[in-house]
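Which chain is which? The protein sequence lines are C and G, in order.
The opening residue of the first sequence carries number 81 in the numbering used here; numbering runs sequentially from there.
The opening residue of the second sequence carries number 746 in the numbering used here; numbering runs sequentially from there.
Below is one structure, written out as structure tokens; the observations come after it.
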Amino acid sequence: MGVFAGLTDHRGSRCAVIRVNRKSDGGGSHLIREEDSHRVEILATGPIDLPKKQAGTPIQGMSPFGKAFFPSNEMQLSRRKSKFDCLLVGPINALHREIEETSFAIKRSGRVYEGTLGDVLRVRRFIRRDEPFSSDIARMHGHSLDYLNEDDKPSFVLFDGAKAFIRLHTQTRTTNCVVILDRTENSFRDAADVLNENYLRRVSDKHLNFTMLPKGVEVMSFYERC
Amino acid sequence: MSAAKNFSLPTEIYDCESVSELVRNSVVFPELASFSTGLRRLRSRLGDEAHQDYWRAFLRPLFRYVFVISSTPLSTNNAVFDHIGLIERLIVHLSRISLIYPSFAEESHTLLNSFRQIVPHGLNPLLLSIEGLTDSDSETQLLVHEMRFAKQIEETLQSRDLQTISPVSSNQLRGESCYDSLIILGKPSWYPEYVFSAPRARTIHVVTYSWLSSKLRIEPAFVTHSREHSLSRISEIQEEHEDEGAFEDELLTEVDLDALSEKISTGYNVEHEYDVADALLLSLEGGSFVFIEAGEKSKVLIIDPDGESRASSGKTTSRVQRIPVSYVEPGTYVLLRTGAGGDYIIVLADRLLGRNASYVRSTQEHWKEMLRQEVNKRGLFAVSVALLDMGSIRAQEPNLRNWISRKNIRPEDKRDFTAILKLTGLESKLDEYWRNAQALTRAHLRAGAHSRRFLLTQVAKADLHELERAGTMVFELPEIDAGSMAAYRVMSISHVTQKVPIVKLEQPFKNEDELWHV
Chain C
81 MGVFAGLTDH RGSRCAVIRV NRKSDGGGSH LIREEDSHRV EILATGPIDL PKKQAGTPIQ
141 GMSPFGKAFF PSNEMQLSRR KSKFDCLLVG PINALHREIE ETSFAIKRSG RVYEGTLGDV
201 LRVRRFIRRD EPFSSDIARM HGHSLDYLNE DDKPSFVLFD GAKAFIRLHT QTRTTNCVVI
261 LDRTENSFRD AADVLNENYL RRVSDKHLNF TMLPKGVEVM SFYERC
Chain G
746 MSAAKNFSLP TEIYDCESVS ELVRNSVVFP ELASFSTGLR RLRSRLGDEA HQDYWRAFLR
806 PLFRYVFVIS STPLSTNNAV FDHIGLIERL IVHLSRISLI YPSFAEESHT LLNSFRQIVP
866 HGLNPLLLSI EGLTDSDSET QLLVHEMRFA KQIEETLQSR DLQTISPVSS NQLRGESCYD
926 SLIILGKPSW YPEYVFSAPR ARTIHVVTYS WLSSKLRIEP AFVTHSREHS LSRISEIQEE
986 HEDEGAFEDE LLTEVDLDAL SEKISTGYNV EHEYDVADAL LLSLEGGSFV FIEAGEKSKV
1046 LIIDPDGESR ASSGKTTSRV QRIPVSYVEP GTYVLLRTGA GGDYIIVLAD RLLGRNASYV
1106 RSTQEHWKEM LRQEVNKRGL FAVSVALLDM GSIRAQEPNL RNWISRKNIR PEDKRDFTAI
1166 LKLTGLESKL DEYWRNAQAL TRAHLRAGAH SRRFLLTQVA KADLHELERA GTMVFELPEI
1226 DAGSMAAYRV MSISHVTQKV PIVKLEQPFK NEDELWHV
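As structure tokens, this is what we get:
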């Protein structure tokens, strides 16, 4: 917590001065550049008394890769607060490797920004407890998704693999789902059969247009009754 | 492996899929074709009789022989077949056929004679065909249906200077490698569909004896299949040439695990009803089987090759895990004790209890034995009712069975324990026995955690690619007196549970009737 103490110029950048310690205790301050201003949140109530010494950790801003992925200020601001967009259900170790350890790059205005899917997905399980998240992961070997209630329900659930889908799909009937199946899985055909049965009971088709679908990939999309 | 490299591998897989092609090679072996036809004819004439034990014992090894000869590059007289012993057994088997099945005697003897003529010559037409397919500049893999023959296959390939060919399991064809060339022996339908629908080789050579079909049928996964949705190149080519007739696969007969588990479990001699548990039968890589407890809360130790080589954190999970039995499925690697080191948890727990170990265990055994005597005298139901009358809160029969078992230490709730000691006349020792039971629980928990840590260290050091290739791997655990443990890939799981003695659980075994001697 801190108080706004005016503006100043620092190394050619205009900065907001946020004082975090009492003046009598040294008056320690943070200089926040204009482009980092979204890292400052205005308290709904105030004024506040500054402590002698601040505990806690600074709020992490969005990574350059994340900013390049979400170029507009609105999109960046919308991700400052936790929002449960997506629940990923699948093998946690494989997902960790794909999300946190695999490099991606994005090109914006001639510059390449490197990062991981984690910068975009902000998976609750993989980040610090106080950081804003956009998604979470349910372990395939977890017992159920019962904890998903109306107040804490993701916009959609992504099943990564046939095992995860077969085991837990009945618990997400009222949520939008994306199911990714791998032909090499033992239960690939079983999972496809479940989806085919659901398709035959569909309300209507949903046409998705994929322009760069690799060879060997089948896609099916439809609306079902909740 | 760098992160950047990780992402290039899936791209390579899709590239591989877009160029992959299938090449068929037909191989002639008239003697085996004639023998195989004779086998089929006899089985057809026998009708339902073919399922009788007498005929199963005669036909099954011969069908297995034809299958192995048709799906591996092993010569007809490879030592793995123990053909001399097999022929001797079959001669003895047919010695009384004229009396039992006179109408099939001549045909059976003729079959056995043709088998005796094929075997000794050491013919190997598949290997000759493979030699013509290899290229010293490219990497060639040979898909092996049963990895327990991998050693003999490697020796055979080396004997013909074909070291450039590496045996692989179908499990290895799920990964991120795309090979130049893959050789498959026998009928395509003997192998998992993904070998063709998600190919991991630029060229797939199917080498089949001329009397076997090399046809392949890959259906689209989704009912909406249309031109928008693409299949792999191989799948599309095959669709155009596929005829509609179903082709019966006579050689690759799956083991009927439900029938086998019923047969084995009924053969066990069980003295007391509390000595048994509901169990599922697993078929394991390498031809072994194992019963595992199938209770609602039952768990089994597994290796997850994708797991971390350290203990589970909040973010990821460890390579060694205990998962509910209901989550075990084909492809899971279960860890089972195979050495003669006894129950290592007990050994470790006793070490933690120090000089009190024998005293604590004797008090434990005392109340369990008294409870057993009550059950033997009055039956499970009556004892269950009596315990409930004495203040127990969970004395239902399944729980009572658990409390009697040596696998279980004590009831979780002291009210249940108190009722047991009241019923068995040991109430005066309640505090002492409860204290000991708690000490034993703590020691077992610590021992379990310690052994898992040690096991994890061993597994972290191991080359798990080898586990994925071979489907089995042994871990020596000398430091905790556990002898050894082995990881096995689960091949299939019975659907129906059977009552199996607790002492038989998690003990891998072979079954000669089902898998023959190879």
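Using N, Cα and C, we set each Cβ at its ideal position, and we do this for glycine too.
### Query
Counting pairs of beta carbons, one from the segment 1064-1074 of chain G and one from the segment 1215-1225 of chain G, are three or more of them closer than 8 Å?
no
### Task
May I have the straight-line CA-CA distance separating D232/C from G1040/G, to the nearest angstrom?
For the purposes of this step, residue 232/C is identified with residue 152 of the first sequence, where counting begins at 1. For the purposes of this step, residue 1040/G is identified with residue 295 of the second sequence, where counting begins at 1. Cα to Cα, the separation comes out at about 33 Å.
### Query
Any Cβ of chain G within less than 8 Å of the Cβ of M300/C?
For the purposes of this step, residue 300/C is taken as the residue at position 220 of the first sequence. Taking Cβ atoms only, chain G reaches closer than 8 Å to M300/C, which makes this a yes.
### Task
Taking all protein chains shown into account, decide if F1126/G is buried (16 or more other Cβ within 10 angstroms of its Cβ) or exposed.
Taking the second sequence and counting its residues from 1, one reaches residue 1126/G at position 381. F1126/G comes out exposed.
### Task
Evaluate contact between the segment 930-950 of chain G and the segment 235-246 of chain C, counting only Cβ atoms and requiring at least three cross-stretch pairs below 8 Å.
no
### Message
I believe A895/G touches T1242/G by the beta-carbon criterion, under 8 Å. Please report the beta-carbon distance rounded to the nearest angstrom.
### Response
For the purposes of this step, residue 895/G is taken as the residue at position 150 of the second sequence. For the purposes of this step, residue 1242/G is taken as the residue at position 497 of the second sequence. Incorrect: roughly 33 Å between the Cβ atoms, too far for contact.
### Task
May I ask you to verify whether the segment 254-271 of chain C touches the segment 182-200 of chain C, counting CB pairs closer than 8 Å and requiring at least 3?
no
### Query
Can you name the start and end residues of the beta strand (DSSP E) that Q908/G belongs to?
In the second sequence, residue 908/G corresponds to position 163, counting from 1. Counting along the chain, Q908/G falls outside any beta strand (DSSP E), and DSSP gives it neither H nor E.
### Query
Listed from N- to C-terminal order along the chain, which residues in the segment 227-246 of chain C have their beta-carbon within a distance smaller than 8 Å of any beta-carbon of chain G?
K243
### Those residues which DSSP pairs with K243/C across a bridge
The residue given as residue 243/C occupies position 163 in the first sequence. Paired residues: none, contrary to the question.
### Query
Taking 8 Å as the CB-CB cut-off, is D1051/G touching chain C?
On the second sequence, position 306 is the one that residue 1051/G refers to. True, the Cβ-Cβ gap to chain C drops below 8 Å.
### Members of the segment 930-946 of chain G near chain C, C-beta cut-off 7 Å
Y939, S942, A943
### Query
L275/C touches chain G at which residues, Cβ-Cβ below 8 Å?
The residue given as residue 275/C occupies position 195 in the first sequence. Residues of chain G passing the Cβ test: F967.
### Task
Using a Cβ-Cβ cut-off of less than 7 Å, list which residues of the segment 168-181 of chain C approach chain G; keep chain order.
P171, I172, N173, A174, H176, E181
#### Entry: Where the segment 193-217 of chain C meets chain G: residues whose CB sits under 7 Å from a CB there
R205, F206
### Query
Taking all protein chains shown into account, do 16 or more other C-beta atoms lie within 10 angstroms of the C-beta of R202/C, making it buried, or fewer, making it exposed?
Here residue 202/C refers to the residue found at position 122 of the first sequence. Counting Cβ neighbours within 10 Å, R202/C comes out buried, since at least 16 surround it.
### Query
Under a Cβ-count criterion, where at least 16 other Cβ atoms within 10 Å of its own Cβ denotes burial, should E987/G be classed as buried or exposed?
To locate residue 987/G, count along the second sequence from 1; it is residue 242. Unreliable placement is indicated for E987/G, whose pLDDT of 45 sits below 50; the coordinate value is still reported in the next sentence. That one is exposed.
### Query
Just checking my contact of D925/G with S881/G at CB under 8 Å: how many whole Å lie between their CB atoms?
Looking up residue 925/G in the second sequence gives position 180. Looking up residue 881/G in the second sequence gives position 136. Wrong, their Cβ atoms sit about 12 Å apart, outside the cutoff.
### Task
Flag V952/G as yes when its Cβ comes closer than 7 Å to any non-hydrogen atom of the ligand GDP, and as no otherwise.
As far as ligands go, the structure on display features none, and thus does not contain the ligand GDP.
### Contact belief for D240/C with V169/C at Cβ below 8 Å, rounded distance in angstroms
Numbered from its first residue, the first sequence carries residue 240/C at position 160. Numbered from its first residue, the first sequence carries residue 169/C at position 89. Yes, D240/C and V169/C are in contact; Cβ-Cβ is about 7 Å, under 8 Å.
### Task
Report yes or no: do three or more beta-carbon pairs, one from the segment 793-806 of chain G and one from the segment 759-773 of chain G, lie closer than 8 Å?
no
### Message
Using a Cβ distance threshold of 8 Å, determine whether the segment 1111-1126 of chain G contacts the segment 1162-1180 of chain G, with at least three qualifying pairs required.
### Response
yes
### Query
Mind checking whether R1197/G and V1065/G have CB atoms under 8 Å apart?
One-based indexing of the second sequence puts residue 1197/G at position 452. One-based indexing of the second sequence puts residue 1065/G at position 320. Result yes, Cβ atoms of R1197/G and V1065/G sit closer than 8 Å.
### Task
Confirm, please, whether the CB-CB distance from A966/G to E298/C is below 8 Å.
In the first sequence, the residue the question calls residue 298/C occupies position 218. In the second sequence, the residue the question calls residue 966/G occupies position 221. Yes.
### Query
Within 8 Å (strictly less), CB to CB, does K1152/G reach chain C?
For the purposes of this step, residue 1152/G is taken as residue 407 along the second sequence, with counting starting at 1. No - not a single Cβ of chain C is within 8 Å of the one on K1152/G.
### Where the beta strand (DSSP E) containing N770/G begins and where it ends
Your numbering for residue 770/G matches position 25 in the second sequence. Its beta strand (DSSP E) spans residues 766-772.
### Query
Below 8 Å between beta carbons: does that hold for H866/G and T821/G?
Taking the first residue of the second sequence as 1, we reach residue 866/G at position 121. Taking the first residue of the second sequence as 1, we reach residue 821/G at position 76. In this structure, T821/G lies closer than 8 Å to H866/G by Cβ.
### Message
Short of 8 Å in beta carbon distance, which residues of its chain neighbour F302/C, apart from the five on each side in sequence? Order them along the chain.
### Response
Indexing the first sequence from 1 puts residue 302/C at position 222. Counting only Cβ-Cβ distances below 8 Å, and skipping sequence neighbours, we find N278, Y279, R282, V283, S284, D285, K286.
### Message
Taking the straight line between their C-alpha atoms, what separation do you get for T901/G and R893/G?
### Response
Taking the first residue of the second sequence as 1, we reach residue 901/G at position 156. Taking the first residue of the second sequence as 1, we reach residue 893/G at position 148. When rounded, the distance between both Cα atoms is 14 Å.
### Message
Threshold first: 4 residues or longer. Then list the alpha helix (DSSP H) segments lying entirely within the segment 865-929 of chain G, N to C.
### Response
870-876, 895-904
### Task
Could you run through the segment 1205-1232 of chain G and flag, in chain order, every residue whose CB is less than 9 Å away from some CB of chain C?
none
### Contact list for Y759/G against chain C, beta-carbon separation under 8 Å
As a working note, residue 759/G is residue 14 in the second sequence. Those are P294, K295, G296, listed as they occur along chain C.
### Query
So with Cβ pairs under 8 Å, would you call T1061/G a contact of chain C?
Within the second sequence, residue 1061/G is the residue found at index 316, counting from 1. Yes, because at least one Cβ of chain C sits closer than 8 Å to the Cβ of T1061/G.
### Message
Is the separation between the beta-carbon of T1202/G and that of N173/C shorter than 8 Å?
### Response
Along the second sequence, one-based indexing puts residue 1202/G at 457. Along the first sequence, one-based indexing puts residue 173/C at 93. Their beta carbons are not under 8 Å apart, which means T1202/G does not touch N173/C by this criterion.
### Query
Which residues bound the beta strand (DSSP E) around P1069/G?
Looking up residue 1069/G in the second sequence gives position 324. Run containing P1069/G: 1065-1069, per the beta strand (DSSP E) assignment.
### Message
Which residue wins for smallest C-alpha separation from F812/G, given the options G1136/G, Q917/G, W935/G?
### Response
In the second sequence, residue 812/G corresponds to position 67, counting from 1. Nearest option by C-alpha distance: W935/G.
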